[in-house]
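Colleague: Got a structure for you, written out below as structure tokens; questions coming shortly.
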Amino acid sequence: MARARKGTIVDERYTLKERIGTGGMADVWLARDKELERDVAIKMLHDRFAQDKEFVERFRREAQSAAGLQHPNVVSIFDRGAFRDTYFIAMEYVEGPQLKELVKGGMSSGDAIDFTRQILHAARFAHRKGIIHRDLKPQNVMIDEDGRARVTDFGIARAGASDITGTGSVMGTAQYLSPEQAQGKETTERSDIYSIGVILYEALTGRVPFEGDSAVAVALKQVSEQPRRPSAVNPTVPPALDAVVMRALAKDPDARFVDADAFLKALDAAEQAPDQPRPEDTAAFA
6 MARARKGTIV DERYTLKERI GTGGMADVWL ARDKELERDV AIKMLHDRFA
56 QDKEFVERFR REAQSAAGLQ HPNVVSIFDR GAFRDTYFIA MEYVEGPQLK
106 ELVKGGMSSG DAIDFTRQIL HAARFAHRKG IIHRDLKPQN VMIDEDGRAR
156 VTDFGIARAG ASDITGTGSV MGTAQYLSPE QAQGKETTER SDIYSIGVIL
206 YEALTGRVPF EGDSAVAVAL KQVSEQPRRP SAVNPTVPPA LDAVVMRALA
256 KDPDARFVDA DAFLKALDAA EQAPDQPRPE DTAAFA
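Have a look at this one:
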């Protein structure tokens, strides 16, 4: 396939303006929708995946399912189709940073809880429609101009199980991967709960629970090692919030919150606990 570049018109409708991201599966372009005169984001499969007909069919099917997710905390999918010898998805363009940029160095417990709530609202909505994200991480959460969290790529990860021996984007995925996913076992709603627990941990401490020299090393730690409590990294994290995070990060899926609602209720209780520090005492730290 001829490489997409600035000025390329996709499906006689979307004019590519700038490549704004790349991952293990696809490139993301900022594009202009000529019909509706609005900016959109175009996700275009890499050639090596586009040549796999079975993969493309799974990708197409998952994109079609995700297109039905209309929620304030979910990035909407507008269109999908074939272009030249590959497949694309046109989605809402969210102008703003990734949550990953905001959690570096940690944030206040209030902000961490607020963003986690919004991600849980998105997950709850998708789960009720039978869609599991499978790749929740702060790189897949955009913060719009109103400060609202917007989750992208719902269901798309299912199209292709990441090769855990890879690097780059796969390493980023491994840091948020549930133990059962790391072992190639069945993925459930509680797998997303674990990933959201990792996001909350990082938001509170500025670091992920497990790091390593490779994606494989990180995945092995997800399976076999216990994380330090958030308060061991950031002493301002109160015991009640510590307990919420650690339950979300339980190795056994049955020991985690049963669903997003249970996680949300636990966050509410932790926030109301008498040992909750004042907001001004939980400022972001280095």
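When the sequence shown is numbered by the numbering used here, its final residue is 291 and no position is left out of the sequence of numbers.
Ideal Cβ positions, reconstructed from N, Cα and C, are used throughout, including at glycine.
#1: Helix, strand or coil, according to DSSP, for residue 20 in the structure here?
#2: Let's see if you can read the secondary structure: which residues bound the alpha helix (DSSP H) around residue 80?
#3: Ends of the alpha helix (DSSP H) at residue 58?
#4: Let's see if you can read the secondary structure: which residues bound the beta strand (DSSP E) around residue 278?
#5: Helix, strand or coil, according to DSSP, for residue 231 in the structure here?
#6: Determine whether the beta carbon atoms of residue 95 and residue 45 lie at a separation below 8 Å.
#7: Can you tell me where the alpha helix (DSSP H) with residue 148 in it begins and where it stops?
#8: Would you call the segment 97-112 and the segment 197-210 touching, i.e. three or more CB-CB distances under 8 Å?
#9: For residue 91, which beta-bridge partners are listed by DSSP?
#10: Taking the Cβ atom as the reference point for each residue, do residue 197 and residue 137 lie within a distance shorter than 8 Å?
#11: For residue 31 and residue 103, what's the separation of their Cα atoms in angstroms?
#12: Could you please give the first and the last residue of the uninterrupted alpha helix (DSSP H) stretch that includes residue 105?
#13: Hey, how far is the Cα of residue 174 from the Cα of residue 29?
#14: If I'm right that residue 20 touches residue 37 with Cβ under 8 Å, what's the distance once you round it to whole angstroms?
#15: Using C-beta distances below 6 Å, list every residue in its chain close to residue 168, excluding the 5 sequence neighbours before and after it, in chain order.
#16: First and last residue of the beta strand (DSSP E) that includes residue 155?
#17: Return the CA-CA distance between residue 144 and residue 270, expressed in angstroms with no decimal places.
#18: Which same chain residues, not among the five before or five after residue 161, have their C-beta less than 6 Å away from its C-beta?
#19: Is the beta carbon of residue 22 sitting closer than 8 Å to the one on residue 41?
#20: Can you check whether the CB of residue 47 is closer than 8 Å to the CB of residue 93?
#21: Go ahead and pull the three-state DSSP assignment for residue 53.
#22: Going along the chain, which residues of its own chain have a beta-carbon closer than 7 Å to the beta-carbon of residue 13, five neighbours each way excluded?
#23: Less than 8 Å between the beta carbons of residue 261 and residue 199, yes or no?
#24: The beta strand (DSSP E) that contains residue 37, what's its start and end?
Modeller: According to the data block:
#1: strand
#2: No alpha helix (DSSP H) holds residue 80; DSSP gives it neither H nor E.
#3: 58-71
#4: Note, residue 278: premise wrong, no beta strand (DSSP E); not H, not E.
#5: coil
#6: yes
#7: Here residue 148 belongs to no alpha helix (DSSP H); instead the beta strand (DSSP E) covers 146-148.
#8: yes
#9: 88
#10: yes
#11: 17 Å
#12: 104-108
#13: Residue placement at residue 174 is flagged as unreliable, the pLDDT there being 48, under the threshold of 50; a coordinate-derived value is accordingly withheld.
#14: 5 Å
#15: Summary for residue 168: the model assigns pLDDT 44, below 50, so the residue's position carries little reliability, and this model does not support an answer.
#16: 154-156
#17: 25 Å
#18: 67
#19: no
#20: yes
#21: helix
#22: 21
#23: yes
#24: 31-38
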